[in-house]
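Last residue of the sequence shown? That's 1123 in the working numbering, and every number before it is there in order. Note that beta-carbon positions come from the ideal geometry of N, C-alpha and C, so glycine has one too.
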Amino acid sequence: MCHPLPVDILRRVLGIVIDTHPNHIIRGNKQKFLLLHVCQLWRYTAIPLVYKTAYIRITNSASSNASEPYRTKSNIDFVQSQGMWQLVKRLNVTVLANESVAQLVDVLVSKLAKAQLTSELGGIKRVELNMDVKWPQHGDRSDSETKRAAAAMETAAFTIASMMPHVSHLEFNTYSTDVDDICKFGQNLISQFATSLNALKSDLSVPLQNTLPIHLAHLHLSAKTDAIHILYAINPHMLKTLRLLNLPLSFSWSLFAKHPNQTSICFDNLCELALLFAGSGESEWSLRLPKPAAEKYKLRFPKLRRLHVDRLPSTFGLLFAAEFPEYLASLHVEGMMKSIGLLEQLKVKQIGLVRVEQQDADAQSITPDCYNAINHVFGSNILLHRSLLSISHIAPAIEPYNVSWMQLQQLKIAGRYEISTIGHLLKQTPRLKHLHMDDIVLGSNHDASNLHTKLSPGSPLISLNCQLEQLSVDTNQRLNKSKLMDAVLNLVAQLPMLKRESLPLLAVSRLWRSVATPLVHSWAIVECVEDYITEEDSETEDDMPDELWLTNFTFFDLYVNPVNVRKVHFYHEAPIPAYDFLAYTTKLVCSYSRHLCNVNSFEFSFLPASGLELNELGPVKETLVYNLSTQLVNTMPNLTRIETVIRYVHREDKTMLEYFTNIIRKTAHQLKTCRVFFPLQLHDVKFSDNLENMGLILHPDNYKGVPAMDTSTVKCLFFDNMSENFPWHLFQNPLTPGFIIFNSIRCLYLRCDMQPGASDNSWSKMSYSDLAKFPRFRFPNLKSLNLELCYDSYLYILRDWKATHLVNLHLTGSISHIKRFPYKQLQSVDHITLFISQADLKDQEAFYNITNHIFTAIDTYDIYLNMLKIEFDLDPSRINWPNITAICLPDDVELSTAIAITEKLPKLKRLEIGRLAFNKCPKDIENLDSPSWRQLVSTPINTKLLKLDIFQSFSEEKVGFSAAIALYLIICIKSLQRVFVSESVQEQMAGKMAVLEAEYPHIRNIKIYSGVI
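Next comes the structure, spelled out in structure tokens:
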């Protein structure tokens, strides 16, 4: 529930600031006009008033002045000056200092005395004191000093109580149980408030039996040592809340008996009862104290609503045998399995929330009595609304045949469980919604088939009405062994209500990511990957073939409504011929045609090893490939999106060329997205008038005779491998001769395929007279432009382009080409990325002149410069890039050079380093105790203006050295928030950061990730 805006308080706070006109105040008072000052007033003064609270906070002083060893924060002065005491009903006092208790109490009394002068504290009903004081014990003081301190605290307690005579709720929390002065002060204070107290919460370990009234309604007591004896003075008929912590085994209900011959104790008005016993196990208690005699009392709780019991000894069966009302709002039982067994005596008809948590580390098994007790609670005897059972330590595992938990909704169990055991357990818990396990194993009798062969869901393991919504397993073993993963996925597939599967990604690896996770998004997956199971992981020599086939098709019947499947994804990475892959996948897809009638998206990732030979098609195989592609299209007749990802070396694979050429020809009339990066033969192909996203490899010979395209709806255009014979006629509009206007284009990507060793693209050699023969292009609504290897001819194409609406710009090319880009238009562009593809020693002068000119002239939101391919040493003295916000430095850059460059970039927020030079750094820099490390961290970095937020390093060499450099930057650049390094470097840093945190505490808040942004 949100509190309404306290307008009257807000008006008073702001009134302090705005009462005086700024022109009429002296310079020293202008600070109160700062927004920060207003916020502090609101935080420390107004917010407590929303909750009707006055507060005093006494802490150690940051000043070295011995006369001011502490500092005080409070809103009492403000409340008093504004006449707002009528709002205040609570007083909160916090003392966190290293001074004597008597001295700190004097400070508290003097602070309250100012308000008492106007008799304003009389309205306070609730007082909360939190004290954490470290001060020498009595052995360090003389007897006279001890007596004076005791007298002063007694006087202070009397003074405080007289100031607030109507306090009915007192809460005294102390974290310094070894300080006797705090206990004495608390005892005196409770004694002074005794006549008016209705509620008491105390952590004091002192006897209080002579200090409390008998009419307490709410008691929260940490029952240490003799403090438990105050219960002799408590009237059980008055209690509404009773919470007793750290109870000894000697606790007895006789403390509430008023007559020796009394046989029953009735807590007539008690609504909440919490008994938390000390000790970790009954065996430990039996060594400390003798077991008490059997209780003779009959307990009655006619109005109880909430019951919480922790580590209840088995001799206290009297509690669960008590007389309870028919309905409990909550029941929370923690501790040993023996005490949980006492639940069988519980006699209630309905419970709102049940939490039973077993935490006995010595438990060996669940006895039949315990099964009966848990079955009694979670079975059909009691009507439950919400329920949780947690069993942390148990061996052997739970036996499903002894379980009857018909109303259990949440289960957390430790130990290793077989797949079949989990299935039988789910049969006994039909209302279970959340299951959390430590580990999962296959079992000796499980004969599930491997995932790389034909899968079979097998017979159902669970009932069809199972309501499980979340399954989580904290396992450290690898689930990528086919039999176990098959069994896990069979289990998951038979849970119709499952919404979240939390099997660890690292343990499940690619199998879970590729097979189960896409089911949540209604993806159909077929993968063929190289066998990545190591020798240590394989069970036998022939455990896995060289290729591993993964698919989730076989789980559709049990898991996904076939009508909802929207996407099919083929992933080919194994070193097998393309035809064999297509033959298998097409056959599989056609066998599940009933599932794929509504598929509208087809993705194909063709990333086999670079050594795979390209296919040469003969007449027979060409016909077979044609038939395969035809079958695929017939199985998915509603395709509107086709997209491929390819390694460049395999673009000329004839099987793939023929396969996708036929697919595009049969679906072009209905496609909205076509991004196919094979040099397709698309003669006489007419694309849809609704085409929005186009990506093609533009080999000119492949487009002869292709009719013109209507680009009025195209929003994203991706041209790859452009050449001087680019088929512009595809986009020519007869109504605008000489111009090609892309009104709808929002994203334009122009790329030249320049592979290593290839000859230079002829575009770079074309004269302007040749370029003038091209039509003029206009992109009036372009928002994103990406030019890779941007030659002059690319820029010539864009000569009529205006960056009016451009948001993102990505340029890749050499310095000689980038310098001709019309960068003066880019002032309104939000994100600019400049990737220098090559620059050797001869480009050095041009590099500094061009980059200094560009990055001084352009001042926009985000500018990223990538210099990874630069082949000469950078000179920081020649750099003038005041507006760069992100930079990637070249490989083998010296650390001193990197720091010098960083210091000259005042707007830099992200620093990336590919690989630092190792040859000039001392070898012992990895050792945090070495002189080289100490010398490094003592080297200052000028961070006065630096706003660096992210550091990223791609290096996987010299792991210890890379970790040391990253730690040095984290220590010296305090603005850093996130660091991205390789996984091995991250492991090195984690061990060293634990050592450095004590010396450099600010590094605790830095987040370190493995991988790249």
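Local Cβ density within 10 Å of residue i, reported as buried at 16 or more and exposed below that
| i | result |
| --- | --- |
| S632 | buried |
| M1103 | buried |
| N976 | buried |
| A483 | buried |
| G1124 | This structure cannot speak to residue 1124, because the chain is shown only from 111 to 1123. |
| H760 | buried |
| R1044 | exposed |
| K257 | exposed |
| E898 | buried |
Beta-carbon proximity list for residue i, same chain, < 6 Å, skipping 5 on both sides
| i | result |
| --- | --- |
| Q302 | A267, F268 and A271 |
| A431 | Q455 |
| L409 | I375 and A432 |
| Y285 | D242 |
| M194 | none |
| L239 | V203 and F282 |
| L827 | M804, I855 and L858 |
CB contact flag (residue i, residue j, <7 Å)
| i | j | result |
| --- | --- | --- |
| M263 | F295 | yes |
| L801 | T777 | no |
| F1071 | V1089 | no |
| L806 | L858 | no |
| V419 | V458 | no |
| Q577 | K543 | yes |
| N298 | S278 | no |
| L999 | I1023 | yes |
| A524 | S497 | no |
| L717 | R751 | no |
| S715 | K677 | no |
| L428 | V464 | no |
| L545 | L581 | yes |
| D1059 | R1025 | no |
DSSP three-state assignment for residue i, whether helix, strand or coil
| i | result |
| --- | --- |
| N1125 | Past the boundaries of the shown model lies residue 1125; the chain is included only from 111 to 1123, so the question cannot be answered. |
| A1058 | Note that residue 1058 is Leu in the sequence shown, not Ala. It is coil, neither helix nor strand. |
| G489 | coil |
| C998 | strand |
| I1118 | strand |
| Y971 | coil |
| P1111 | helix |
| M241 | strand |
| C1135 | What is shown of the chain runs 111 to 1123, which leaves residue 1135 out entirely. |
| L197 | helix |
| H369 | coil |
| N662 | coil |
| C1082 | helix |
| P407 | Note on identity: in this sequence residue 407 is Tyr, with Pro being the wrong assignment. Coil. |
| W1043 | helix |
| W633 | strand |
| S703 | helix |
| A949 | strand |
| L1106 | helix |
Neighbourhood of residue i by C-beta, 7 Å cutoff - its chain only, sequence neighbours within 5 removed
| i | result |
| --- | --- |
| R1114 | E1107 |
| T169 | Y180, R181, L206 and A207 |
Chain C contact for residue i (CB, 7 Å cutoff)
| i | result |
| --- | --- |
| V1105 | As a matter of chain content, chain C is missing from the structure shown, which is built from one protein chain. |
Contacts around residue i, its chain only, beta-carbon distance under 8 Å, and the 5 residues preceding and following it disregarded
| i | result |
| --- | --- |
| A1100 | I1118 |
| K221 | I166, T182, S184 and I186 |
| T373 | K406, Y407 and K408 |
| A259 | S210, V211, A212, R251 and D291 |
| E436 | V458, K459 and Q460 |
| N1037 | W1043 |
| H276 | G232, G233, I234, K235 and S306 |
Three or more C-beta pairs closer than 8 Å, one from the region 533–551 and one from the region 510–521: is that the case here? yes
Taking 8 Å as the threshold, find out whether the region 946–966 comes into contact with the region 883–894 through three or more Cβ pairs. no
Should the region 736–756 be called in touch with the region 701–708, which here means at least 3 C-beta pairs below 8 Å? yes
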